[in-house]
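Take a look at the structure below.
Number of protein chains: 2
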Amino acid sequence: MTAQVEKQPKNASPKILGAARAIALREGAGKITIDAVARKSGLSKGGVLYNFPTKKALLAGLLDEMLAEHRKRLASVPEGHSSRTLRGHLETVLQARSTDDDLSMAILAVSASDPNLLDPLRRELSHDVERIRSDSQDDTAAMVLFLAIQGLRFQRLLRLADGDADQQDAVIDRLKDMIDELE
Amino acid sequence: MTAQVEKQPKNASPKILGAARAIALREGAGKITIDAVARKSGLSKGGVLYNFPTKKALLAGLLDEMLAEHRKRLASVPEGHSSRTLRGHLETVLQARSTDDDLSMAILAVSASDPNLLDPLRRELSHDVERIRSDSQDDTAAMVLFLAIQGLRFQRLLRLADGDADQQDAVIDRLKDMIDELE
DNA sequence: CACCCTGTACCGTCCGGTCGGTTAAGTCAT
DNA sequence: ATGACTTAACCGACCGGACGGTACAGGGTG
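These protein sequence lines map, in sequence, to chains A and B.
Take the first sequence: its position 6, counted from the start at 1, is 6 in our numbering, and no numbers get skipped.
Numbering-wise, our numbering comes out as the position in the second sequence, counting from 1, plus 1000.
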């Protein structure tokens, strides 16, 4: 009875969501089960269900977490930037250098079990797209860049081809340049 | 264009795969079950399992179908075109005007149940990306366009924001132009 | 009948969700 | 300050239904 037990976070939700993402990444979004998440997060099944009363709530939680982080990133781009929203989107992709904690995994996890749960994301993205278009003189070019960013996101998420490290850096630099040149 | 059916091992396969895609689209990739596919395709469960002995085989079949179509599209781009592969990729996205029969749904369906099944796609895409890069003077620009095409694919697949019809057309035209200008 | 396909009853396992605990940390009246 | 009570957080056995897969019995065509 020597060591003081480490103070547990009051709220186990982040640990649970992290476990869910890890499972989705390594075994597929469909393998997110309450038991598996419980095992991975070190909680019991009851503990998980205490934090998220249903599986749907858990998945919605994943998406919420992602959207919250997304908004935070968008807000962190300096006011003056001419293509703030576009640049913010790029940041959200770059943030997840380690695929492990790519919050975008929520998109796949959620869409696998119930596409309707994507609605909040749809709303958010529609809004973003509108801003991206109106922020630029050439809304079509802006849209192309937006799509490229989304493409990058999904290629990474699914571990599909996106070139070696050097090439990736070059692409990212180019994207930044193209965003800056939009104005 | 007539529906020339390739020499398929079993003849009910296309119907089965189509049903699987429809389920994935409307209810989520995780809702693809053998029973559900049987119901949707009008076959019995035994019938489905006769064509695809396991669920894994069915999912692999989905991916196969997609890759086969993909290769066909790539091959259909005239020899002379300077950025054949890139243009071919765009065609595979445009082909699925009705989200209903978007063969890319296979990507989501497969990744939901077992990410390893994506390996054939990974190989194919790596190869394509290599060609796309080497076909162009500016491989980074080519990569950006590739990512934009992939972004378009996934935005449609997940019914995420991609603008109204006019805007979509404008984006597609722009993509075509940019591909042509790659040289 | 042989062949090729289809239909269905059934089995074991897994999964989501429920429910009755348990533990620790307060709160409070006495 | 002590015992009674409450609450928050979590645990894990259990249930019913769904799922993947098997076994086998048709069925129609040559």
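Even for Gly, the Cβ is constructed at its ideal location relative to N, Cα and C.
Quick one: using the 10 Å Cβ neighbour count with 16 as the cut-off for buried, is residue i buried or exposed?
i: Asn1051 of chain B; result: buried
i: Asp101 of chain A; result: exposed
i: Asp128 of chain A; result: buried
i: Ala75 of chain A; result: exposed
i: Gln137 of chain A; result: exposed
i: Glu183 of chain A; result: exposed
i: Asp139 of chain A; result: buried
i: Gly80 of chain A; result: exposed
i: Pro1053 of chain B; result: exposed
i: Ser1013 of chain B; result: buried
i: Gly1028 of chain B; result: buried
i: Ala1165 of chain B; result: exposed
i: Gly1030 of chain B; result: buried
i: Leu1175 of chain B; result: buried
i: Ala142 of chain A; result: buried
i: Ala68 of chain A; result: exposed
i: Ala3 of chain A; result: Caution is warranted here: a pLDDT of 32 is assigned to Ala3 of chain A, below 50, making its placement in the model unreliable, and no coordinate value can be reported.
i: Gly1046 of chain B; result: exposed
i: Leu158 of chain A; result: buried
Could you name the residues of the same chain whose beta carbon sits closer than 7 Å to that of residue i, not counting the 5 residues immediately before and after it, in chain order?
i: Leu1168 of chain B; result: Per the sequence presented here, residue 1168 of chain B reads as Gln, with Leu not at that position. Correct list, in chain order: Asp1162.
i: Val110 of chain A; result: Leu59, Leu62, Leu63, Leu117, Leu118
i: Asp173 of chain A; result: none
i: Ile1032 of chain B; result: Ala1020, Ile1023, Ala1024, Ala1109
i: Pro120 of chain A; result: Leu63, Leu67
i: Leu1049 of chain B; result: Ile1034
Only counting the same chain, and skipping five residues up and downstream in sequence, which positions put a Cβ closer than 6 Å to that of residue i?
i: Thr92 of chain A; result: His70, Arg73
i: Thr85 of chain A; result: Asp128, Arg131, Ile132
i: Val1171 of chain B; result: none
i: Met1066 of chain B; result: Leu1103, Ala1106
i: Val1077 of chain B; result: Arg1084, Arg1087, Gly1088
i: Ala112 of chain A; result: Ala29, Gly30
i: Asp1135 of chain B; result: Ser1083
Is residue i near the ligand SAM, with its Cβ less than 7 Å from a heavy atom?
i: Gly1030 of chain B; result: With respect to the ligand SAM, the structure shown offers nothing to examine, as it has no ligands at all.
Leaving out the 5 sequence neighbours to the left and right, which residues in its chain are closer than 8 Å to residue i when beta-carbon positions are compared?
i: Ile179 of chain A; result: Ser83, Leu86, Arg87, Leu90, Leu145
i: Ser44 of chain A; result: Ala38
i: Leu15 of chain A; result: Looking at the sequence itself, residue 15 of chain A is Lys, so the reference to Leu does not match. Excluding residues within five positions, the ones whose Cβ falls inside 8 Å are Pro9, Ser41, Gly42, Leu43.
i: Asp114 of chain A; result: Lys56, Leu59
i: Leu94 of chain A; result: Ile172
i: Ala96 of chain A; result: Asp102, Leu103, Ser104, Arg156
Review point. Going along the segment 1120–1152 of chain B in order, which residues come within less than 8 Å of chain A, judged by CB to CB distance?
Key: Leu1121, Arg1122, Leu1125, Ser1126, Asp1128, Val1129, Arg1133, Asp1139, Thr1140, Ala1141, Met1143, Val1144, Leu1145, Phe1146, Leu1147, Ala1148, Ile1149, Gln1150, Gly1151, Leu1152
Exercise for review: Give the residues from the segment 102–114 of chain A that approach chain B closer than 9 Å (Cβ to any Cβ), ordered along the chain.
Suggested key: Ile107, Leu108, Ala109, Val110, Ser111, Ala112, Ser113, Asp114
Practice item. Report yes or no: do the segment 8–24 of chain A and the segment 36–47 of chain A share at least 3 C-beta pairs separated by less than 8 Å? Key: yes
Review point. In the segment 1012–1038 of chain B, which residues sit with their C-beta less than 8 Å from some C-beta in chain A, listed in chain order?
Key: Leu1025, Arg1026, Glu1027, Gly1028, Ala1029, Gly1030, Lys1031
Point to revise | At least three beta-carbon pairs within less than 8 Å, the segment 143–162 of chain A to the segment 1149–1164 of chain B | key: yes
Review point. Taking any Cβ of chain A, which residues in the segment 1077–1099 of chain B have a Cβ under 8 Å from it, in chain order?
Key: none
Review point. Just by C-beta distance, which residues in the segment 1051–1075 of chain B are closer than 7 Å to chain A?
Key: none
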